[in-house]
Amino acid sequence: MALNPFFLQGSSGEQNLVQELINEQLKIYGIEVLYIPRKFVRQQTILEEVQSSKFDDNFLLEAYVNNYDGYSGAGDIMTKFGVSVRDELSLVVSRERFEDFIAPFLEDEDDNEIIVADRPREGDLVYFPLGKRLFEVKFVEHEKPFYQLGKNYVYELQCELFEYEDEVFDTSIDEVDEVLDDKGYIIDLTLFSSGTRATASASIGSGCIRTITLNNDGSGYTSTPTVSITAAPAGGTNAQAVAITTTRNNITSIEEIRLVNAGTGYTVAPTITITGGGGTGAAATCGINTNVKGVFKVAVTDGGAGYSTAPSVSFTLPGISPQLPASAVANVSAAGTISSIHITDSGAGFFATPPTVTIGAASTTGIGTYWFNEVVTGSRSGATARVKRWDTDTNILRVGIASGGFYPGEIITGAKSGAAYQIKVSAANTVTDKYRENEEFEVQADRILDFTESNPFGTY
Amino acid sequence: MLGTYYYHEIIRKTIIAFGTLFNDLDIHHKDGSGNTNSVIKVPLAYGPAQKFLARLEQQANLDKPVQITLPRMSFEMTSIEYDASRKTGITQTFRAVDENTSKMKKVFMPVPYNIGFELSIFCKLNDDALQIVEQILPYFQPSFNLTIDLVDSIGEKRDVPVVLNSVAMQDDYEGDFSTRRALIYTLQFTAKTYLFGPVADNPEGLIRKVIVDMHADTNTATAKREVRYTAVPDPIDAEPGDDFGFTETWEYLDDSKEYSPTRQSDI
Numbered sequence: 093m094a095l096n097p098f099f100l101q102g103s104s105g106e107q108n109l110v111q112e113l114i115n116e117q118l119k120i121y122g123i124e125v126l127y128i129p130r131k132f133v134r135q136q137t138i139l140e141e142v143q144s145s146k147f148d149d150n151f152l153l154e155a156y157v158n159n160y161d162g163y164s165g166a167g168d169i170m171t172k173f174g175v176s177v178r179d180e181l182s183l184v185v186s187r188e189r190f191e192d193f194i195a196p197f198l199e200d201e202d203d204n205e206i207i208v209a210d211r212p213r214e215g216d217l218v219y220f221p222l223g224k225r226l227f228e229v230k231f232v233e234h235e236k237p238f239y240q241l242g243k244n245y246v247y248e249l250q251c252e253l254f255e256y257e258d259e260v261f262d263t264s265i266d267e268v269d270e271v272l273d274d275k276g277y278i279i280d281l282t283l284f285s286s287g288t289r290a291t292a293s294a295s296i297g298s299g300c301i302r303t304i305t306l307n308n309d310g311s312g313y314t315s316t317p318t319v320s321i322t323a324a325p326a327g328g329t330n331a332q333a334v335a336i337t338t339t340r341n342n343i344t345s346i347e348e349i350r351l352v353n354a355g356t357g358y359t360v361a362p363t364i365t366i367t368g369g370g371g372t373g374a375a376a377t378c379g380i381n382t383n384v385k386g387v388f389k390v391a392v393t394d395g396g397a398g399y400s401t402a403p404s405v406s407f408t409l410p411g412i413s414p415q416l417p418a419s420a421v422a423n424v425s426a427a428g429t430i431s432s433i434h435i436t437d438s439g440a441g442f443f444a445t446p447p448t449v450t451i452g453a454a455s456t457t458g459i460g461t462y463w464f465n466e467v468v469t470g471s472r473s474g475a476t477a478r479v480k481r482w483d484t485d486t487n488i489l490r491v492g493i494a495s496g497g498f499y500p501g502e503i504i505t506g507a508k509s510g511a512a513y514q515i516k517v518s519a520a521n522t523v524t525d526k527y528r529e530n531e532e533f534e535v536q537a538d539r540i541l542d543f544t545e546s547n548p549f550g551t552y
Numbered sequence: 009m010l011g012t013y014y015y016h017e018i019i020r021k022t023i024i025a026f027g028t029l030f031n032d033l034d035i036h037h038k039d040g041s042g043n044t045n046s047v048i049k050v051p052l053a054y055g056p057a058q059k060f061l062a063r064l065e066q067q068a069n070l071d072k073p074v075q076i077t078l079p080r081m082s083f084e085m086t087s088i089e090y091d092a093s094r095k096t097g098i099t100q101t102f103r104a105v106d107e108n109t110s111k112m113k114k115v116f117m118p119v120p121y122n123i124g125f126e127l128s129i130f131c132k133l134n135d136d137a138l139q140i141v142e143q144i145l146p147y148f149q150p151s152f153n154l155t156i157d158l159v160d161s162i163g164e165k166r167d168v169p170v171v172l173n174s175v176a177m178q179d180d181y182e183g184d185f186s187t188r189r190a191l192i193y194t195l196q197f198t199a200k201t202y203l204f205g206p207v208a209d210n211p212e213g214l215i216r217k218v219i220v221d222m223h224a225d226t227n228t229a230t231a232k233r234e235v236r237y238t239a240v241p242d243p244i245d246a247e248p249g250d251d252f253g254f255t256e257t258w259e260y261l262d263d264s265k266e267y268s269p270t271r272q273s274d275i
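Protein chains in written order, with our numbering: chain G, 93 to 552; chain E, 9 to 275.
This is the structure we're talking about:
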């Protein structure tokens with residue numbers, strides 16, 4: 093039997109009125125949430141999964157919280173995988189508001205990234221500002237209430253807290269992006285500070301050792317041997333030297349002997365004795381400057397900063413005959429400063445004024461300020477990551493969603509900021525994720541495990 | 009009777025050794041062009057934990073913004089079972105030198121026990137789980153040997169085979185949309201370890217000299233001693249682990265004296 097023709101079972105005017113009333117009620121009794129659509133970065137066929145996603149848009153939307161006495165769901169529970177918060181939330185949003193103010197923007201997006209645009213989508217996120225939490229839409233109920241006056245006016249979004257893996261969050265709303273600051277797999281990169289050039293001063297004197305000639309480099313050293321030089325005559329300064337060892341084909345020998353202090357007042361070439369270190373056979377002799385002055389000592393006046401490799405050290409030329417130039421090498425400390433300078437040739441022909449010492453510039457770039465969420469790239473590794481935090485006091489750059497490991501020594505450059513610093517140490521962070529014990533297992537196992545060759549599963 | 013306190017932490021060491029097998033597994037994600045855009049080192053932890061500690065550490069901020077971060081791996085000990093097939097003589101002892109104190113130690117042969125482990129892999133994507141599982145399974149044919157220093161004081165390193173018994177997967181993808189897909193792989197392992205009893209100081213210490221006086225009669229009060237046999241290791245400072253021989257000396261005596269070990273002379 094047909095419907096009564098004298099009544100309208102929902103005219104468009106009535107439907108619009110109800111929709112307007114609902115919109116108004118939602119604006120009065122609802123709260124503002126951020127609707128964050130998921131964009132597919134890579135969808136895997138066969139296994140039917142979205143392997144990589146990004147969330148880089150946000151839409152402010154009023155929503156009515158359907159939970160009247162707290163979140164639903166199982167709450168906070170202890171699982172074998174640690175603490176899991178199973179809070180659920182039900183939100184009611186206006187169908188018209190979504191279709192008018194969000195759907196058009198989604199339809200303009202790349203079809204590969206957004207496959208459904210005209211309705212709220214499962215997998216999208218809702219930022220719930222009261223609890224500062226990210227909820228994932230599990231299910232969109234579109235028929236509740238059921239066709240009042242012949243139409244449905246709201247969507248009910250059934251949400252559960254988001255499970256985070258390595259999705260990119262760049263919504264441009266700091267409050268949202270920063271809630272995931274310390275979540276996921278984090279790497280802390282300790283960077284060299286802005287580089288400053290080191291400075292040093294030279295002292296000259298006569299009767300100093302000119303150079304040390306290594307006549308026999310010896311073999312079998314297990315540690316650095318001691319180099320002893322016979323004392324200078326009264327009134328002179330005793331010379332000091334150190335040995336630099338090298339290992340070739342599993343045999344450790346002396347590579348070079350450098351002067352810490354070339355001494356002064358020597359009238360005959362002193363005797364050099366090499367002892368200790370577990371090796372044998374090394375022997376060295378030296379020549380001295382008797383009547384002309386050479387550089388006998390170089391003191392570091394400012395160690396500078398940001399050195400990763402030994403810079404060059406140069407001296408101004410001597411003023412008088414025989415005008416033989418001096419040479420030296422710089423030693424870089426673990427902190428990236430110049431700790432000392434050793435003389436390899438004290439030169440000859442300096443008169444009253446010591447030569448000027450010039451140390452090469454620090455190799456690091458060390459400029460700029462990294463921006464939150466920008467992509468940084470390693471110069472050698474080519475690895476990329478997103479900036480989570482940049483601490484200018486400690487020079488620690490916290491990054492996440494890395495595409496690979498970063499190498500110490502490489503320059504890491506920000507794509508947007510242009511900031512570029514050199515990496516001193518790259519380490520997976522253990523502070524942020526209190527669940528993981530990967531490093532602890534490695535440390536403890538090193539004491540008790542005997543991997544004769546190597547751990548085939550890798551060492552952490 | 010069982011009052012001698014000792015704790016070698018053997019089961020704990022077995023847990024650590026098992027855990028270190030899986031603490032360096034990565035998964036890779038790719039972008040639309042097929043380039044790797046994310047490498048995640050899979051977090052691993054021993055599952056059981058004190059509840060309040062887990063809550064304080066993992067949820068210091070009560071407004072935890074997400075449910076959980078994935079992927080994760082957890083493992084736990086599920087059984088301790090005697091393994092009769094590896095039984096050895098119960099009265100057999102062996103001696104070893106404590107490397108720290110250089111003292112001689114004596115210990116009974118260990119008791120073979122099988123420790124059951126369950127490794128659980130919790131992932132958001134099946135592809136993640138498969139990446140992890142494929143990096144584990146080829147090493148177990150069906151076992152993988154770990155050499156563990158089970159008792160530090162005697163330097164006893166034992167090969168502990170870790171046997172992969174089974175792989176199970178749970179993928180709850182059916183049903184209504186109010187429940188989320190749960191994707192958990194569970195691998196069952198057995199670690200064939202050994203439990204050692206108390207390690208005793210050997211009161212005799214390291215025997216470096218043996219002297220045997222021989223008499224013509226069993227009544228040594230009346231019978232003179234006639235021959236003395238002396239054996240010392242060669243070289244004299246040899247340690248138990250060294251390759252050494254013995255120097256034997258025969259002396260012919262004809263007196264009524266006896267050797268005093270305390271005075272180390274004949275009296």
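Where is the CB? At the ideal position from N, CA and C, for every residue including glycine.
Query                                                                                                                                               : Result
Interfacial residues, the segment 104 to 122 of chain E to chain B, with Cβ spacing under 8 Å                                                       : Protein chains G and E are contained in the structure displayed, whereas chain B is not.
Completely contained alpha helix (DSSP H) runs for the segment 424 to 505 of chain G, where each covers 4 or more residues                          : none
Whether tyrosine 247 of chain G touches valine 271 of chain G by CB criterion (8 Å)                                                                 : no
Proximity to arginine 490 of chain G [Cα-Cα], best of G/Pro97, G/Thr282 and G/Ser145                                                                : G/Thr282
Test item: CB-CB of phenylalanine 254 of chain E and aspartate 245 of chain E under 8 Å                                                             : no
Interface partners of alanine 25 of chain E on chain G, CB under 7 Å                                                                                : Ala537, Ile540 and Leu541
Contacts around threonine 429 of chain G, its chain only, beta-carbon distance under 8 Å, and the 5 residues preceding and following it disregarded : Ala290, Gly395, Gly396, Ala397 and Tyr399
Tyrosine 13 of chain E, buried or exposed, once every other Cβ within 10 Å from all chains shown has been counted against 16                        : exposed
Closest by C-alpha distance to serine 41 of chain E, when choosing among G/Ser144, G/Arg211 and G/Ala335                                            : G/Ser144
Valine 319 of chain G versus threonine 367 of chain G: straight-line alpha-carbon distance, rounded                                                 : 7 Å
Spatial distance of glutamate 234 of chain E from leucine 261 of chain E (CA atoms)                                                                 : 5 Å
Strand pairing of glutamine 415 of chain G, partner residues [DSSP]                                                                                 : DSSP lists no partner for glutamine 415 of chain G.
Check whether leucine 203 of chain E and isoleucine 18 of chain E have beta carbons under 8 Å apart                                                 : yes
Where the alpha helix (DSSP H) through arginine 134 of chain G begins and ends                                                                      : Element bounds for arginine 134 of chain G: not the alpha helix (DSSP H) but the beta strand (DSSP E), 131 to 136.
Beta carbon proximity, glutamate 106 of chain G to chain E, threshold 8 Å                                                                           : no
Rounded separation between phenylalanine 152 of chain E and aspartate 167 of chain E - CA only                                                      : 10 Å
Exposure label - valine 220 of chain E; buried when at least 16 CB within 10 Å                                                                      : exposed
Per-residue DSSP class, three states only, for proline 120 of chain E                                                                               : strand
Inter-residue Cα distance where the pair is isoleucine 156 of chain E and valine 47 of chain E                                                      : 31 Å
Alpha helix (DSSP H) segment containing leucine 145 of chain E, residue limits                                                                      : Neither: leucine 145 of chain E is in no alpha helix (DSSP H) and is coded neither H nor E.
Cβ-Cβ separation, valine 384 of chain G to glycine 297 of chain G (assumed contact under 8 Å), whole Å                                              : So it is not a contact: roughly 10 Å between Cβ atoms.
CA nearest to the CA of histidine 223 of chain E, picked from E/Ala53, E/Asp251 and E/Glu259                                                        : E/Glu259
Segment contact flag, the segment 474 to 492 of chain G with the segment 434 to 448 of chain G, C-beta cutoff 8 Å, min 3 pairs                      : no
Assigned exposure category for alanine 231 of chain E - 16 Cβ within 10 Å defines buried                                                            : exposed
CB of leucine 306 of chain G within 8 Å of CB of isoleucine 346 of chain G, strictly                                                                : yes
CB contact flag (leucine 241 of chain G, glutamate 116 of chain G, <8 Å)                                                                            : no
Short Cβ contact (8 Å threshold) for alanine 511 of chain G with glycine 460 of chain G                                                             : yes
For tyrosine 127 of chain G, the residue or residues it bridges with in DSSP                                                                        : G/Phe151 and G/Val218
Counted within 10 angstroms of its Cβ, other Cβ atoms place lysine 236 of chain G as buried (16 or more) or exposed                                 : exposed
Simplified DSSP state of arginine 63 of chain E, which is helix, strand or coil                                                                     : helix
Three-state secondary structure (DSSP) of arginine 166 of chain E                                                                                   : strand
Neighbour flag for tyrosine 277 of chain G against chain E, beta carbons, 8 Å                                                                       : yes
C-alpha gap between glycine 373 of chain G and glycine 310 of chain G, whole angstroms                                                              : 4 Å
8 Å contact criterion, which aspartate 135 of chain E and glutamate 141 of chain G should meet: CB distance rounded                                 : 6 Å
Meets three-Cβ-pair contact criterion under 8 Å: the segment 56 to 68 of chain E and the segment 531 to 539 of chain G                              : no
Counterpart residues of tyrosine 5 of chain E in DSSP-defined beta bridges                                                                          : As displayed, chain E neither begins before 9 nor continues past 275, which places residue 5 of chain E out of reach and without an answer.
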